[in-house]
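Okay, so the sequence shown: first residue is 4 according to our numbering, each after it adds one.
Below you'll find the structure, written out as structure tokens, and then a few comments.
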Amino acid sequence: MKNSIIKFAVISLSLGFITSCSDDFKHDFLEQTNPNEISTDIFWRNLSETQTGLHSVYKTWYDPDILNINEEMLRSDMGFPSLTRPLQASPSTFYIHTYTETTDNINEKWQDNYLGIFRANQVIEALNRIEGTVTESNKENWTSQMAQARFFRGLFHYYLYTTFNKGSIIIRDFIPSNPEEYEWPLSSAEDVIAFIKKDLEYAYTNLYKKGAYPDGDGSKVTSGAAGAILGNIYLNEFDYTKAATYYQDVIDNHGYELLKGDAVKKMFTLEGEFNSESILEINFTKDNIDLNFNVWSGQTGTNNLNFLTRGNNDMTAQSPAWIAHAYKFEDKDPLDARNYHTYTNRNGEEKTRLRAVPLRCSQMMAIIDDIETIYYQDSTHFASAPVFQGAKWGGLAWWKKYTNHDILKNESDLEFGAQYSTKNVTVIRLAEVILNLAECKIKTGDVAGGLELINQIRDRWGLILLGVAPNGDPSNIFNGSTYDGIVYDQTSLMSHLMRTEKPLELGAEGHAIRWIDFQRWKVSENYGFKDRLEELSNAEYFAGDFTYVNENGQNITKTNAASMAKTQADASGIVANFNYEYDLPFQNYNEELHGYYPIPSTEKNNNNNID
């Protein structure tokens, strides 16, 4: 059952669709009375009406182009687009880096984030107008609403700042009152981030903490979310000390806890929505479904990320070979009881065997080797051959984070069809804060502190911990855990964080996490996305027939079912050599052209203040 009860009313006065500068809107503006002047007489008169306006701000978040998760997966190294391998039936422009200012998703991301900003500004201006009429007993509610509205205004500006035009975008801090005010010039990146910080600092100071809203609504934004984003801002500015202050506060003082033990199996399931480590989460409920809109419009109250990460279509972001391989071959700690599977064989004897794949793999990614985990109401390895037919129709591996694999037999079993999912979308988790704090510690010379934080994440998944056992045990065993025995320094631990821990823990999540990381690492580590593409272009990964021993002791082989192998020699009945996935992206990628999205054509065409 969903944790929260927000129902998003659509305000007819809310100018349903607006870009930062829309030609259609300017035409309507000239033909009609200013709707904001009308609204001050018939709406925005009290906290009940501003609350309804705030609901419309939350509703903007439903639009998939706000985050562009599917496109960002393909744009980075988190997704491979294909109906068939090795040749892509219809290569994504984001995957092969041919997107331009006219690309639909780029224009829509710009438009939809500015729509959210517009709606937030409506609430902010209304709250300022009625502030003098608010009674003492309602001042806390007024402050809470203002903090939520300013959080979203800052958040939507931040999404634009981190992805467009090297951060030089339009600051929208008021409702335009004439056509000229819609044609607003770009601000410098420095001015934009200063503006964002002010909004998020207000939210950080005045929002409720997790679980503290008087109405008990767990879907509302919190001070911890504002703190996490502020930490990210300062991390991206290489102010590691200030970033660490925010991260540490979020970890220590806002009520979040990592899922641990058997509770990790709840992650990215219906049961795990709004769990103890969720900091920012988009709430989808059946109460908000509206089938009067096109499924791709973002106005149905549903999301289609399940369809885009599991369906066999030319938009699907399947798993690339490198990350499926990395998930499968993480080192399981033999001392962790969760890494063993107990079963009864055909003779009635109870037997125990080591899990086929690590726990982190089981929760994040579906691969055919996972013989212990249920996937769409059956054991993963029982899936029909095309599901894991890596060289032909079907996929090599599938992300689980957005699918309904835990409650359905097929995505088509959803009440209104496969493209109408009400699974929540987690935007920020405590794990991200912990790993970003680890980066701060590494970069300020505290390698031991960075190791400790990374090991918190690894320990909860039952993985071998990094470093030398604290007690100096030559077997590298301490306190019930196994260590890898490697002496890490600043360079080697940072390399592990970039190439293993961040992508495997946070892959395909949030707002362009992987992309923004590379923008930062390009400067701090001399390791940008072009370097990553070169690594992947030169890499080879192999998959072969899947062979396993079942619980009756029988050897079972599934042919043409892609099981990742360490080397070609390890694969029985080679299905494919994945040595091609990033050749074209590497050839096409140009940091100057593709590091940030350009100002969209819709804005340029309708704004005379932008060349």
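Beta carbons are placed, not taken as given, at the ideal position from N, Cα and C, and that holds for glycine.
Remember, it's a predicted structure, so these values are computed and weren't measured experimentally.
Closest by C-alpha distance to R461, out of N306, D487 and N609, is D487.
Excluding five sequence positions before and after V360, the CB atoms of its chain that fall closer than 6 Å to its own CB belong to K331, D372 and D373, given in chain order. Going by DSSP, L454 is part of the alpha helix (DSSP H) stretching over V450 to R463. For the pair G135 and C443, the Cα-to-Cα distance works out to about 44 Å. The secondary-structure analysis by DSSP pairs E284 across a beta bridge with T429.
Its chain contains S365 and T383 as the residues whose beta carbon lies nearer than 6 Å to that of T376, once the 5 sequence neighbours on both sides are disregarded; these appear in chain order.
For I199, the enclosing alpha helix (DSSP H) stretches over residues A192 to N209.
Using a Cβ distance threshold of 8 Å, L86 and D317 count as a contacting pair.
The region 254-337 contains, as complete beta strand (DSSP E) runs of 3+ residues, the segments 281-285 (chain order).
In this structure, E333 is the residue among E333, Q302 and N307 with its C-alpha nearest to the C-alpha of P506.
Per DSSP, reduced to three states, the secondary structure at G576 is strand.
Counting along the chain, the unbroken alpha helix (DSSP H) around G234 starts and ends at S226 to N239. Exposed is the label assigned to F385, since fewer than 16 other Cβ atoms lie within 10 Å of its Cβ. Assignment of alpha helix (DSSP H) within the region 508-572, counting only whole runs of 4 or more residues, yields 516-527 and 532-541 in chain order. Classified as exposed, V490 has fewer than 16 neighbouring CB atoms from the shown chains inside 10 Å of its CB. The beta carbon of S191 sits closer than 7 Å to the beta carbons of S171 from its chain, once the five residues preceding and following it are set aside; these are given in chain order. The beta carbon of F287 is closer than 8 Å to those of Y65, G304, T305, N306, S424, T425, K426, N427 and V428 in its chain, skipping five residues each way along the sequence. Assigned with DSSP and collapsed to three states, M501 falls in helix. One Cα belongs to K201, the other to G452, and the distance between them is close to 30 Å. In this structure, D68 is the residue among P94, D68 and V137 with its C-alpha nearest to the C-alpha of W113.
DSSP, reduced to helix, strand and coil, places T376 outside both helices and strands of the structure shown, so it counts as coil. If you draw a straight line from the Cα of N413 to the Cα of T138, it is about 53 Å long. In the DSSP assignment, A421 is bridged to no other residue.
If you ignore the 5 residues before and after R153, its C-beta comes within less than 7 Å of the C-beta of I127, D202, Y205 and A206, all in its own chain and listed in chain order.
Selection S222, W401 and E512 evaluated against F83 yields W401 as nearest (Cα-Cα). In the structure shown, the three-state DSSP call for W145 is helix.
Annotation for E584: no beta strand (DSSP E) segment contains it, and DSSP assigns it neither H nor E. Under DSSP, E353 takes part in a beta bridge, and its partners are T347. In the structure shown, L466 adopts extended strand secondary structure according to DSSP, grouped into three states. Looking at K213, D80, F532 and S604, the one whose alpha-carbon comes closest to that of A324 is D80. For Q392, no alpha helix (DSSP H) segment is defined, and its DSSP state is neither H nor E. For S382, the pairing in a beta bridge is given by DSSP as I377. Shortest Cα-Cα distance from N555 to any of D115, T101 and E352 involves E352.
Classified as buried, R156 has 16 or more neighbouring CB atoms from the shown chains inside 10 Å of its CB. Approximately 32 Å separates the beta-carbon atoms of V578 and G420; this is outside 8 Å, ruling out the contact. For G56, the enclosing alpha helix (DSSP H) starts and ends at L50 to T63.
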